[in-house]
Every structure is written in structure tokens, then in C-alpha cells.
Amino acid sequence: MATVKQSYLFFCVRIFPNKEFKVWVWVCMFLVFGYWLGSMPQIFLICSPFEMNWNPSVPSGHCASYNVAFTTIDCVNMVTELVIMLLPIPFIQPAADGHRDVNRPLNHLPYWPLVCLVNPPFPIAT
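What follows is the structure, encoded as C-alpha cells:
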């Protein structure tokens, strides 16, 4: 997911000429990279010894809660998606109308459940 977000953010840097917007995009890139950098060790080091990740019969090994780990990762993922989704709204809206309306970006919040449907915060059991 982080590479898809980074790709979208690089695309935004290229198409938007506004310097302030580009600064915010680079801040988002840093946050997404930090999120990815923090979640990778959490995924790989959840079990001790490391072999227990693929062999649960290792004696005297233990794993942390997968549900807690992946729920934490998914919640941070949803926050970064929300930030990225709302990022261009204040910069696009004034250009479309010719004036700035403070309440207008809030009109797009009903689309947030669609983002949650595409990327659910909890694994869906099948």
C-alpha cells in the first residue's frame, strides 16, 4: 500500500504547480514512508524465534497478537489514506470557484466510507 500511496503523491507533485501544496505532499510522503518503515519490523518480528512465523511447532516460541498488530497497522493506514484523500481539496476548490470557502472541503467527507470499503480496517473472514 505504501508504494501505491507514494506513487500517487509523486503524481501530485508533478501536476500541481502550487509550492505550498508540494510541501504538504512531501510531508505526506515522509509520513507514509515512516508508517511503512514502522510496520515492516512489526510484521516480521512478531514471533520469537523468527522461525515461528512459518513453523508454529517450534518449542518455547511465542508470537504477539496478530489481531492487535494488523489492526494497528490498518488504523494508521486508514489515517494516511484520509490525509492523502483530503490533501488536494483546499487547493483544487478555490481554483474551480474563483474564491475560497472554508466549509467546502467538509462536503467531501461522505466519501470516506467508500475508502473503508476498499481497504477494510479489519480482515474479512471468508
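Going by full-length UniProt numbering, the first residue of the sequence shown is number 1, and it counts up by one from there. By construction, the Cβ of each residue, glycine as well, lies at the ideal position given by its N, Cα and C atoms.
#1: Under 8 Å: do the stretch 76 to 83 and the stretch 33 to 51 share three or more Cβ pairs, one atom per stretch?
#2: Can you list, in chain order, the residues of its chain with a C-beta nearer than 6 Å to that of F91? Leave out the 5 residues immediately preceding and following it.
#3: Let me know the secondary structure DSSP gives S39 once reduced to three states.
#4: With DSSP collapsed to three states, give me the class of P49.
#5: Please check the pair G34 and P49, which I expect to be a contact at CB under 8 Å, by giving their CB distance rounded to whole angstroms.
#6: For the UniProt domain "Rhodopsin" (3 to 92), list the alpha helix (DSSP H) runs that are entirely contained and at least 4 residues long, ordered along the chain.
#7: Could you tell me if residue 132 is buried or exposed, where buried requires 16 or more neighbouring beta carbons within 10 angstroms of its beta carbon?
#8: Can you say whether V32 is buried or exposed, counting buried as having 16 or more other CB atoms within 10 angstroms of its CB?
#9: Are the beta-carbon atoms belonging to C28 and L9 less than 8 Å from one another?
Well, looking at it:
#1: yes
#2: Around F91: N18, F21.
#3: helix
#4: Three-state result, P49: coil.
#5: At roughly 28 Å, the Cβ-Cβ gap does not stay under 8 Å, so G34 and P49 are not in contact.
#6: 19 to 44, 66 to 86
#7: With the chain covering 1 to 126 only, the question about residue 132 has no answer from this structure.
#8: Looking at its Cβ environment, which holds 16 or more other Cβ atoms inside 10 Å, V32 is buried.
#9: yes
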